[in-house]
Amino acid sequence: METGERERVRVHSDRGGYPVIQHGPRDVNDLISAGSIVSAEAVWDHVTMADRELAFKAGDVIKVLDASNKDWWWGQIDNDEGWFPASFVRLWVNQDESGALEAVEGPSEVHNGHGESSPNPSDCLCLGQPLQNRDQMRANVINEIMSTERHYIKHLKDICEGYLRHCKKRRDMFNEDQLKVIFGNVEDIYRFQIGFVRDLEKQFNTEEPHLSEIGPCFLEHQDGFWIYSEYCNNHVDASMELARLMRDARFQHFFDACRMEQQMMDIAIDGFLLTPVQKICKYPLQLSELLKYTVQDHSDYRYVAAALAVMRNVTQQINERKRRLENIDKIAQWQASVLDWEGEDILDRSSELVYTGELSWIYQPYGRSQTRVFFLFDHHLVLCKKDLIRRDVLYYKGRIDMDHYEVVDAADGRDDDFNVSVKNAFKLRHRECEDIHLFISKKLEEKIRWLRAFHEERKMVQEDEKMGFEISEYQKRQAAMTVRRATKQKGRSGPPAYPPPLDPMNLGPYLLPDGMCQADGYEYGEPKRSTSPFWQNLSRLAPFKK
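Each residue of the sequence shown is one higher than the one before, counting from 1 in UniProt numbering.
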């Protein structure tokens, strides 16, 4: 490899969609040892409640400091260091002079069509193309949209009348909770799609399809598409429940009989139930294709462009809520690890860890400052205390209901409410009484991060209320079962216990002064004395051991 040439580490996606490292000319650790700046872009959010793990969100850039462990790497973001899953990132290697990073595999693909923030004029046909060809291409896209909508309505009808209707009659085989898990709100989707397709048909010009104006129809029904969020979030649970039932031959025969009576195509029931998930993800692709073959002076152009933005937002938000539901197992496991927990479970009202960090905290005027670890979830700020000996052990010390408090920035200097001098501080003030909490961070940057996190938490709560997002009782029970299984497993995969050791023989980019040999660069001391029996006995008194 020539000097200055960028080294690449190839990445591909495994079946789960995670990037997997392929060995390039040199191993990642070799690049780090050679002095290369090895950075990685987060593909997925890493929600963590452990001090030794590095939390980040999709899109963050992490400096990789050690990659000797194939599953967990040691990295840095700003001044924070910690372990993170190697499968959650894709590598970037070195930086150019402008500071821009070069992606290993280029921009990540977005399978729901959410790839552009605004329509690109170059995607649209120019006016110089033959009129007949331009109109024909747009007509083809319109015809495809109408055809797929009609077939989709038939699929939904088959699910509701071919499967669900018969299942409701067999109370000896299915209870109400099972049917809710398996079929979700498919009946609501069916009713919505009937109205949507009815309006599409009104806008469809059968004689000259290219003149059809279907963009306004998507805009008029945009709020109705949010019902897909509940169905998509429930789909994984539906698949698990179906897989469990299908172990019994009685259920296999029953579903086959339902399919044949309805004269449905020969695919399993889980194939039919996957159709709504595929459909909502296909809308942005269809509208993007329609916009591509719609000239800007067409009466439908601005409506199609607006509809594309709306449907991209819908699919993006649905994916975001699905991601949050996939993280609830981590939240349940974290709560189980906190000692002396009191009150309701986190999952009773919360589903996302927004931010975490250590702060000095004063609860009342003239009160004593205490250091606590804070975990900000939607609706809750949880207070924990570290064990004096086992620093990775947390004790529950209370929580603050964020629905009843407002965040107040505190100016540097003497605070009138607490009669203390503060720097980098903020407060939480109760909206209905005089209850106040004072928080002090070590650095201004940390205070700014907390203020942004509180703003993000309120925004998240408002969006959830608008969309009706909540965790079902079934999902809570599944998370609890996952925690119980995890506690029984031995050798669970996790990050190493300690940071990677520094290699004293690896000089990296550092140079020794002239006239000084390499051996002179090290000081060989005598072996360390054995640990004092006092400390050995003290460690036995620790209340908890791994």
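Glycine is no exception: its CB is placed at the ideal position from the N, C-alpha and C atoms.
CA-to-CA distance, residue j to residue i, given in whole angstroms
i: Arg312; j: Gln286; result: 11 angstroms
i: His430; j: His437; result: 9 angstroms
i: Glu176; j: Met467; result: 24 angstroms
i: Phe56; j: Ile159; result: 40 angstroms
i: Ile189; j: His155; result: 11 angstroms
i: residue 552; j: Val43; result: Lying before the first or after the last residue shown, residue 552 is absent from the chain, which here runs from 1 to 546.
i: Asp415; j: Ile362; result: 12 angstroms
i: Val38; j: Lys70; result: 16 angstroms
i: Leu359; j: His455; result: 18 angstroms
i: residue 548; j: Glu220; result: Limits of the chain in this structure are 1 at one end and 546 at the other, which puts residue 548 out of reach.
i: Ser288; j: Ile267; result: 30 angstroms
i: Ala336; j: Arg485; result: 12 angstroms
i: Arg540; j: Asp387; result: Because Arg540 sits at a pLDDT of 45, beneath the cut-off of 50, its placement in the model cannot be relied upon, and the point is left open.
i: Leu291; j: Gln278; result: 21 angstroms
i: Arg324; j: Tyr395; result: 25 angstroms
i: residue 563; j: Met481; result: Coverage of the chain is limited to positions 1 through 546, which leaves residue 563 absent and any answer about it impossible.
i: Phe374; j: Arg368; result: 17 angstroms
i: Glu109; j: Arg90; result: Any reading at Glu109 must be qualified, since the residue scores a pLDDT of 35, below 50, and its modelled position is unreliable; no value is offered.
i: Gln129; j: Met137; result: Unreliable positioning characterises Gln129 in this predicted model, as indicated by a pLDDT of 48, which lies under 50. The coordinate reading is nonetheless provided below. So the alpha carbons of these two residues sit roughly 11 angstroms apart.
i: Asn112; j: Arg321; result: Because Asn112 sits at a pLDDT of 37, beneath the cut-off of 50, its placement in the model cannot be relied upon, and the point is left open.
i: Ala238; j: Asp378; result: 26 angstroms
i: Ile21; j: Thr356; result: Because the pLDDT of Ile21 is 39, which lies under 50, any placement of that residue in the model is unreliable, and the number read from its coordinates should be weighed accordingly. Cα to Cα, the separation comes out at about 30 angstroms.
i: His151; j: Glu465; result: 33 angstroms
i: Arg191; j: Arg302; result: 28 angstroms
i: Val483; j: Val393; result: 17 angstroms
i: Tyr228; j: Asp300; result: 26 angstroms
i: Gly271; j: Gly224; result: 24 angstroms
i: Gly59; j: His46; result: 11 angstroms
i: Cys126; j: Asn143; result: Confidence is the limiting factor: at Cys126 the pLDDT is only 40, short of 50, which leaves the residue's position unreliable, though a coordinate-based value still follows. If I take the Cα positions, the gap works out to 22 angstroms.
Residue i: first and last residue of the uninterrupted alpha helix (DSSP H) it sits in
i: Gln335; result: 328 to 337
i: Phe255; result: 249 to 261
i: Val461; result: 444 to 467
i: Leu179; result: 176 to 183
i: Gly215; result: 215 to 220
i: Lys272; result: The sequence given here has Phe at residue 272, not Lys. Its alpha helix (DSSP H) spans residues 269 to 292.
i: Ile389; result: It is not in any alpha helix (DSSP H) - Ile389 carries neither H nor E in the DSSP assignment.
i: Leu394; result: Element bounds for Leu394: not the alpha helix (DSSP H) but the beta strand (DSSP E), 394 to 401.
i: Lys168; result: 165 to 169
Cβ shell of residue i (< 7 angstroms), same chain only, five flanking positions each side left out
i: Leu200; result: Met146, Glu149, Ile214, Cys217
i: Gly398; result: Leu383
i: Cys167; result: Phe174, Leu179
i: Leu381; result: Phe374, Arg399, Ile400, Met402
i: Lys476; result: Leu347
i: Leu211; result: Asn205
i: Thr371; result: Glu358, Ser360
i: Leu308; result: Pro119, Pro284, Leu287, Ser288, Leu291
Endpoints, beta strand (DSSP E) assigned at residue i
i: Ser421; result: 420 to 422
i: Thr206; result: Note, Thr206: premise wrong, no beta strand (DSSP E); not H, not E.
i: His380; result: 380 to 386
i: residue 552; result: An answer regarding residue 552 cannot be provided, because it is not within the stretch 1 to 546 covered by the chain.
i: Gln33; result: Per the sequence presented here, residue 33 reads as Ser, with Gln not at that position. Not the beta strand (DSSP E): Ser33 falls in the alpha helix (DSSP H), residues 28 to 33.
Cβ-based neighbour list, residue i, same chain, cut-off 6 angstroms, excluding 5 preceding and 5 following
i: Lys423; result: Asp412
i: Ser421; result: Arg414
i: Val61; result: Ser39, Glu41
Cβ separation of residue i and residue j, assumed to be a contact under 8 angstroms, to the nearest whole Å
i: Val407; j: Leu376; result: So it is not a contact: roughly 11 angstroms between Cβ atoms.
i: Val64; j: Ala34; result: Between Ala34 and Val64 the Cβ distance is about 13 angstroms, and since that is not below 8 angstroms, they are no contact.
i: Ala67; j: Ile32; result: 7 angstroms
i: Met265; j: Gly162; result: The Cβ separation is near 11 angstroms, so there is no contact.
i: Ala453; j: Lys427; result: Going by Cβ atoms, the distance from Ala453 to Lys427 rounds to 15 angstroms, so no, they are not a contact pair.
i: Leu242; j: Ile280; result: Actually they are not in contact, since the Cβ atoms of Leu242 and Ile280 sit about 20 angstroms apart, beyond 8 angstroms.
i: Ala425; j: Ile440; result: 5 angstroms
i: Ile318; j: Ile471; result: At roughly 15 angstroms, the Cβ-Cβ gap does not stay under 8 angstroms, so Ile318 and Ile471 are not in contact.
i: Pro276; j: Val141; result: Actually they are not in contact, since the Cβ atoms of Pro276 and Val141 sit about 22 angstroms apart, beyond 8 angstroms.
i: Ala479; j: Ala305; result: That pair is no contact at about 41 angstroms.
Below-8 angstroms beta-carbon distance, residue i vs any chain C residue
i: Gly343; result: Considering every chain present, this structure includes no chain C. It has just one protein chain.
Spatial neighbours of residue i in its chain, beta-carbon cut-off 8 angstroms, leaving aside the 5 residues before and after
i: Arg170; result: Phe254
ask   = Is the segment 343 to 357 in contact with the segment 295 to 313, if contact means three or more CB pairs nearer than 8 angstroms?
value = Touching, no.
ask   = Counting Cβ pairs closer than 8 angstroms, one from the segment 447 to 461 and one from the segment 398 to 415, do we hit at least three?
value = Touching, per the Cβ criterion.
inquiry  = Using 8 angstroms as the cut-off, can you tell me whether the segment 256 to 273 makes contact with the segment 288 to 298, which would need three or more C-beta pairs spanning the two stretches below that distance?
reply    = Here the segment 256 to 273 makes no contact with the segment 288 to 298; the two share fewer than three CB pairs at distances below 8 angstroms.
inquiry  = Using a Cβ distance threshold of 8 angstroms, determine whether the segment 227 to 238 contacts the segment 195 to 211, with at least three qualifying pairs required.
reply    = No contact exists between the segment 227 to 238 and the segment 195 to 211.
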